[in-house]
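K.L.:
The structure is given below, and queries will be raised subsequently.
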Amino acid sequence: MRHLWHTRSVRFILSGLIAFTTGCSRSNDQQFADVAQMAKDGKTNVVDVREKPISGDEALAPLRNTVGLRKLNLDNSPVTDEGLQSLGPMPELRDLSLSRTLITDAAIPMIVQQFPGLEHLRLDRTAISDKSLEEIVKLSSLKDLSLFRTRVSDTGCTHIAKLSALKKISLDQTSITDAGLKSLQTMKQLESLSVWKTQVTDEAAEEFAKERPTVKLNR
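When the sequence shown is numbered by the numbering used here, its final residue is 1099 and no position is left out of the sequence of numbers.
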């Protein structure tokens, strides 16, 4: 009996989190469907496929209109704007990660409408640009926003600065400059800001640190 796990799909369930194991013979999409069903049945409120990415939009079908989901990680999966929209409203979702997916600026209004209670949002290495950040301001509960290697610039920073609950921001490898950093300096609730490999100068970073000594600035 102790060797059965070698020949069948095995999932670890810990504190509501289900993660796919490596070496399973079943496809990622099949495993995802199993986990999605468990989420619908209320047996988990977290679905994370970052290590076992699904094939695309069609694979999301089993998760549509799931009530009670709190965390969804679709990193590294070729999910598009249409696929994200197909999930339907998830008002209890608090954590959404879409890094290295195929979403565009058109996805942001859908995210705002379908997942209004988000507190953590990761959009790293996507086609997101300044164009959509004005919509993100509507996520009034957002505490953590990651935009690593996106097309965000100083213009986007002026919108980000309006997020009154935001505490942590990652803008690594974006095109922001000293002007963008200056915009973010006004965020009184900010605790952590990363601007690694941007056009922010030493002088601007020093000025920021002087004005906001309690903020952890990484560059």
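A virtual CB, placed ideally from N, CA and C, is assigned to each residue, including glycine. Note that the coordinates shown come from a computational prediction; the quantities given were computed from them, not determined experimentally.
Spatial neighbours of GLU1015 within its chain, please: CB distance less than 6 Å, with the 5 preceding and 5 following residues excluded, ordered by chain position.
P.N.:
Around GLU1015: ILE988, PRO989, VAL992.
K.L.:
On the premise that THR1030 lies in contact with SER1063, defined as a C-beta separation below 8 Å, what is that separation, rounded to the nearest angstrom?
P.N.:
With a Cβ gap of about 17 Å, SER1063 and THR1030 do not count as contacting.
K.L.:
Taking the CB atoms as reference points, tell me whether PRO971 and GLY936 lie closer together than 8 Å.
P.N.:
No; because the gap between Cβ atoms is not below 8 Å, this pair is not in contact.
K.L.:
In the structure shown, what three-state DSSP assignment does CYS904 receive?
P.N.:
Residue placement at CYS904 is flagged as unreliable, the pLDDT there being 45, under the threshold of 50; a coordinate-derived value is accordingly withheld.
K.L.:
Suppose only complete runs of 3+ residues qualify. What are the beta strand (DSSP E) ranges in the region 912 to 963, listed by chain order?
P.N.:
Entirely contained in the region 912 to 963, the beta strand (DSSP E) runs reaching 3 residues are, in chain order, 926 to 928, 951 to 953.
K.L.:
Measure how close the beta-carbons of GLN917 and PRO933 come, nearest whole angstrom, since I'm counting them as under 8 Å.
P.N.:
The pair is not a contact, with the Cβ atoms about 19 Å apart (cut-off 8 Å).
K.L.:
Please go through the same chain and pick out, in chain order, the residues whose beta-carbon is closer than 8 Å to the beta-carbon of GLN1053, but skip the five residues on each side of it.
P.N.:
PHE1028, ARG1029, TRP1076, LYS1077, THR1078.
K.L.:
What's the C-alpha gap between PHE900 and GLN911?
P.N.:
Low confidence applies here, because PHE900 scores a pLDDT of 47, under 50, leaving its location unreliable and the question unanswered by this model.
K.L.:
Counting C-beta neighbours from all protein chains within 10 Å, is the total for THR1081 16 or more, i.e. buried, or is it exposed?
P.N.:
Counting Cβ neighbours within 10 Å, THR1081 comes out exposed, since fewer than 16 surround it.
K.L.:
Name the residue from LEU949, THR984, GLY997 whose alpha carbon lies nearest to the alpha carbon of LEU1103.
P.N.:
One cannot answer for residue 1103 here, as it falls past the ends of the chain, which runs 881 to 1099.
K.L.:
Across which residues does DSSP place ARG1031 in a beta bridge pair?
P.N.:
Answer is SER1009.
K.L.:
Can you give me the C-alpha to C-alpha distance between LYS1023 and LEU1003, rounded to a whole angstrom?
P.N.:
For LYS1023 and LEU1003, the distance between alpha carbons rounds to 14 Å.
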